[in-house]
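Residues in the sequence shown are numbered from 1410 upward in steps of one, following the working numbering.
Remarks on the structure that follows.
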Amino acid sequence: MSKENNQILKNTNAKLLDEFNASIMFDKELYSQDIKGSIAHSKMLALQGIINIDEQKVIEKGLLKVKDEIENGDFKFSLEYEDIHMAVENRLTEIVGDAGKKLHTARSRNDQVCTDFTLYVQEKTKSIQNQIKELILTLTNIALKHTTTLMPGMTHLQHAQPINFGYHMMAYANMFKRDFERFASSYERNNYSPLGSAALAGTPHKIDRFKTSEFLGFTAPTSNAMDSVSNRDFALEILFNIATTMMHISRISEELILWSSYEFRFVRMSDEYATTSSIMPQKKNPDVPELLRGKTGRVYGNLISLLTVMKSLPLAYNKDTQEDKEGVFDSVSTIEISLSILNEVIKTMIVNVENMETACKIGHLTATDLADYLVQKQNMPFRTAYYLTKEVVEKANSLNKDISQLNIEEIRNSSKELENIDEEIVSYLDLKNSMNSRNSYGGTSTKQTEVQIENIKNWLESI
Ligand code: ARG
């Protein structure tokens, strides 16, 4: 192909190519990390005598000016400069002249993008952790008020055994505690500085990567340059951590949707966070928990998408990895708003104690207590006790009562084998007594729920 043709080909495609190739329209999100990383790099270059102190000062001042321009909306982001790294460097050079051209000594965009992105992920990890902490506190405060509020505990979404509402809230508090810890462990594992890895093989310049690592708050520099520029595990981890937290959010959302339905009426969402129907004026819809449940889908998508981008990539840098950012930005902003709004919805919901307690009288929640009593006090084989209990349940059904509402005569009349049963059985079938009898560590009794609250409170104070 002639030179001329080549030129024509390039010109024809240039705009399309820029549009396709550039990441500036989304990686501008990393401007502050990019500038932070560049300042650290310039300081290290000066300390190592690779640039002089005056040049470093000029570079630092220039970089801060670029930052101001971006924050004031005066910075022109253009496709011409492909990505945030080129855009900042170019503007720096426009402002400070030749000193700006020295900034890129002993680094490459490959280590630069990993450094910026790791810094971003680490900052967001901390802020998401703070939001999770807030949510755990909210759940714990609600739990504290409801350690004696009876509700039906369910399996298969069927009434199973009486629990208290505080205990149910603490189940979620424990879930979110694991999420917090998952973010914390990722933070530690990924807190290493790729800066100075250069393109893939390190650099002949006498740099000090320990210094830049320290300036940027990392634990240490990464130990293999090739791995450093290829690695996106830190991005995958935050995506997984967000996906898992969103999965937990979707579960509590689902329960809020159920609990606020006419069938349950366990909670009422504050008017502030409920929406209305455009056609049915009487309706109050749980759009917020529904959206939270729905948004879980996109964050799963972001995780799968990056896992797929990374699959089979040869070492070291490949342009494929430019696809790593948008999904992470999306998952981060999704979890941020989700945690904020969920916290508000839970904080402001009205708990309908009476309806929860009334619901406990449907479904013979204390039937297992009768069976357990017969095994424990009368030394009966469990299977025999099980069938006798079934007879009592049938009796209760025939009287249109719940097993917890039967008096001693009614129980004795249920079966020949129960005609001499001790009167104390009545108290065993009582809903509150039944809940409190599950006093094993981690159980639902008020006492154990209080232990769980105490444990979480101590943990919250320790972090
Ligand atoms: N915009 C690029 C990215 O996000 C930066 C690294 C580009 N490096 C390269 N050698 N083309 O991945």
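For glycine and all other residues, C-beta sits at the position ideal for the given N, C-alpha and C.
Computed from a predicted model, the values in this text were never measured in an experiment.
Proximity to residue 1607 across 1871, 1508 and 1725 peaks at 1725, based on C-alpha coordinates. Within the same chain, and ignoring the five residues on either side of residue 1735 in sequence, the residues whose Cβ sits closer than 7 Å to its Cβ are 1435. If you draw a straight line from the Cα of residue 1728 to the Cα of residue 1556, it comes to about 55 Å. A direct Cα-to-Cα measurement between residue 1759 and residue 1669 gives close to 10 Å. For residue 1539, the enclosing alpha helix (DSSP H) covers residues 1518–1554. The beta carbon of residue 1682 lies closer than 7 Å to those of 1697, 1753, 1754 and 1757 in the same chain, with the five residues before and after it left out.
Taking non-hydrogen atoms of the ligand ARG into account, the C-beta of residue 1513 is found less than 7 Å away from none of them. DSSP, read as helix, strand or coil, puts residue 1684 in strand. Annotation for residue 1662: 1698, 1701 and 1702 place their beta carbon closer than 6 Å to its own, counting only its chain and skipping 5 residues before and after. For residue 1522, the Cβ falls inside the 7 Å cut-off from some heavy atom of the ligand ARG. A direct Cα-to-Cα measurement between residue 1689 and residue 1767 gives close to 29 Å.
In the structure shown, residue 1562 adopts extended strand secondary structure according to DSSP, grouped into three states.
Put simply, the backbone Cα of residue 1744 is about 46 Å away from that of residue 1814. In this structure, residue 1708 and residue 1652 form a Cβ contact; the two beta carbons are roughly 5 Å apart against a cut-off of 8 Å. Here the distance from the Cβ of residue 1720 to the nearest heavy atom of the ligand ARG is not below 7 Å.
Restricted to the segment 1474–1500, not a single beta strand (DSSP E) segment is unbroken, complete and at least 3 residues in length. A distance criterion of 7 Å places the beta-carbon of residue 1641 beyond contact range of the ligand ARG, judged by its closest non-hydrogen atom. The beta carbons of residue 1774 and residue 1442 sit no closer together than 8 Å. Contact between the segment 1591–1611 and the segment 1422–1429 is absent: fewer than 3 CB-CB pairs across the two stretches fall below 8 Å. Relative to the ligand ARG, the beta carbon of residue 1730 is positioned inside 7 Å of a heavy atom. Apart from the 5 residues on each side of it in sequence, residue 1586 sits with its Cβ closer than 7 Å to the Cβ of 1545, 1865 and 1868 in its chain, given in chain order. The DSSP assignment places 1762–1768, 1776–1787 and 1791–1807 as complete runs of the alpha helix (DSSP H) inside the segment 1739–1807, in order along the chain (cut-off: 4 residues). Residue 1442: member of the alpha helix (DSSP H) spanning 1440–1456, first to last residue.
For residue 1447, the distance from the CB to the nearest heavy atom of the ligand ARG is not below 7 Å. In the structure shown, residue 1677 adopts extended strand secondary structure according to DSSP, grouped into three states. By the criterion of at least three beta-carbon pairs nearer than 8 Å, the segment 1465–1475 is in contact with the segment 1507–1520.
With a contact defined as Cβ atoms closer than 8 Å, residue 1595 and residue 1534 qualify at about 6 Å. Secondary structure at residue 1602: strand, using DSSP grouped into helix, strand and coil.
Under the three-state reduction of DSSP, residue 1630 is assigned to strand. Here residue 1850 has 1857 and 1860 as same chain residues with Cβ atoms under 8 Å from its own Cβ, once five neighbours each way along the sequence are excluded.
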